[in-house]
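Participant:
In our numbering, the protein residues as written are 395 to 717.
1. I'd like to know if the stretch 509-521 and the stretch 535-554 are in contact, where contact means that at least 3 CB-CB pairs between them fall below 8 Å.
2. Using the Cβ count rule (16 or more neighbours within 10 Å means buried), how would you classify residue 617?
3. Might you give, ordered along the chain, the residues of its own chain that have their beta carbon closer than 6 Å to the beta carbon of residue 435, omitting 5 neighbours on each side?
4. Can you look up residue 493 in the DSSP assignment and give me helix, strand or coil?
5. Exposed or buried, residue 607, counting other C-beta atoms within 10 Å across all chains shown (16 or more means buried)?
6. Leaving out the 5 sequence neighbours to the left and right, which residues in its chain are closer than 6 Å to residue 486 when beta-carbon positions are compared?
7. Rounded to whole angstroms, what's the CA-CA distance from residue 477 to residue 456? Just pull it up for me.
8. Since residue 559 contacts residue 523 with CB under 8 Å, what's their CB separation in whole angstroms?
9. What are the complete beta strand (DSSP E) segments, minimum 3 residues, inside the stretch 533-589?
10. Using only CA atoms, which one of 634, 460, 402 lies nearest to residue 688?
11. Please report the straight-line C-alpha distance between residue 588 and residue 531, rounded to a whole angstrom.
12. State the Cα-Cα distance for the pair residue 403 and residue 656, rounded to the nearest angstrom.
13. Strictly under 7 Å for the Cβ-Cβ distance: is residue 437 near chain C by that measure?
14. When you compare the stretch 675-688 with the stretch 418-431, are there three or more beta-carbon pairs, one atom per stretch, that lie closer than 8 Å?
15. Compare the Cα-Cα distances from residue 654 to each of 645, 647, 473, 695 and report the closest residue.
16. Under 7 Å, do residue 571 and residue 537 count as touching if we go by C-beta distance?
17. Based on DSSP bridge pairs, tell me the residues matched to residue 687.
18. Check this for me: beta carbons of residue 504 and residue 489, under 7 Å apart or not?
19. Residue 583: which of 599, 564, 597, 468 sits nearest, CA to CA?
20. Per DSSP, which residues does residue 593 bridge with? Please list them.
21. Tell me the rounded alpha-carbon separation between residue 692 and residue 604.
22. Could you have a look at residue 454 and say whether DSSP puts it in helix, strand or coil?
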């Protein structure tokens, strides 16, 4: 594949999902009602969603040369994602996270559960991992890859990639671990990023203010660095908000039955990526991202269990046709 439209850095692992009636209490064993494994990680969900939108996508990440690593590489290849720089490391294990899901909603995580984990390191990054048309393409970074231990080595690799790989725009989602990203690293990436996506809670953890509305949050995030930044605030049931020097726009969400919130933010981000690459008007970008996130919220599962290509195509077609 050539002419990548999106490259995602790091944060691909295996999620082992266990469905339980209730979380185990002390001294109590719980037998899962269902058990399955899926491609996990914020970037894992994002690139699968991007590929299903028809975006030419590549993953630069590290996995172990083991059963789980082979599983991930096969799934991503089947999704049409370029895995030539999905590095399989000898004598290291693919990161595995245990996801406990209650039948009545609610989730918990255990992980990484292994020690000798495969992660991106500075020496893995080279300038050949590049985009061809740097004027239209995105380099995507998740805050999970920038947080403190156990992924501190991956943080160094991601920073090197941001500085050395050719790309058009940097797209950054600080994620739930925004507060665990070293201050200097967070400041530098926010300064370089031209597209920033995050929810209210994550924005508040960065600004370090609790009593502040989403409009003021977006403005404060925008002040973190110069340049033509676009801040997309994910508001869940309240919709979404775009703040930039050229345009501010709030859209409302539809009232949908939520089955599984996992990966909704990653799917939202793929909608923004699609809109950027296809030069959609900003309001349509917001509406597409929000509609895709709603579709995901109504769908059980993540990774390869995200909504299928037909659902994605139907949604994008509707948004594009609207005036």
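Don't be surprised by glycine CBs; every beta carbon is placed ideally from N, CA and C.
Facilitator: Taking the definition as stated:
1. In the pairwise beta carbon analysis, the stretch 509-521 is classified as touching the stretch 535-554: at least three pairs are separated by under 8 Å.
2. Residue 617 comes out exposed.
3. Counting only residues of its own chain and dropping the five nearest sequence neighbours on each side, residue 435 has a CB closer than 6 Å to the CB of 405, 406, 407.
4. In the structure shown, residue 493 adopts extended strand secondary structure according to DSSP, grouped into three states.
5. Burial call: exposed.
6. Excluding positions up to five away in sequence, the list reads 458, 510, 512.
7. Rounded to whole angstroms, residue 477 to residue 456 spans 10 Å at the Cα level.
8. With 8 Å as the limit, residue 559 and residue 523 qualify as a contact, their Cβ atoms being about 6 Å apart.
9. Restricting attention to beta strand (DSSP E) runs no shorter than 3 residues, the stretch 533-589 encloses them at 563-567, ordered along the chain.
10. Relative to the Cα of residue 688, the nearest Cα in the group 634, 460, 402 belongs to 634.
11. Cα-Cα distance, rounded: 12 Å.
12. For residue 403 and residue 656, the distance between alpha carbons rounds to 20 Å.
13. Protein chain content of the structure displayed is limited to a single chain, and chain C is not contained in it.
14. Segments in contact, no.
15. It is 695 whose Cα lies nearest to the Cα of residue 654.
16. Cβ atoms of residue 571 and residue 537: closer than 7 Å.
17. Note: residue 687 sits in no beta bridge, so no partner.
18. For residue 504 and residue 489, no; Cβs fall outside 7 Å.
19. The residue with the shortest Cα to Cα distance from residue 583 is 564.
20. Secondary-structure assignment with DSSP links residue 593 through a beta bridge to 628.
21. Near 30 Å, if we compare the C-alpha coordinates of residue 604 and residue 692.
22. Here residue 454 sits in strand by DSSP.
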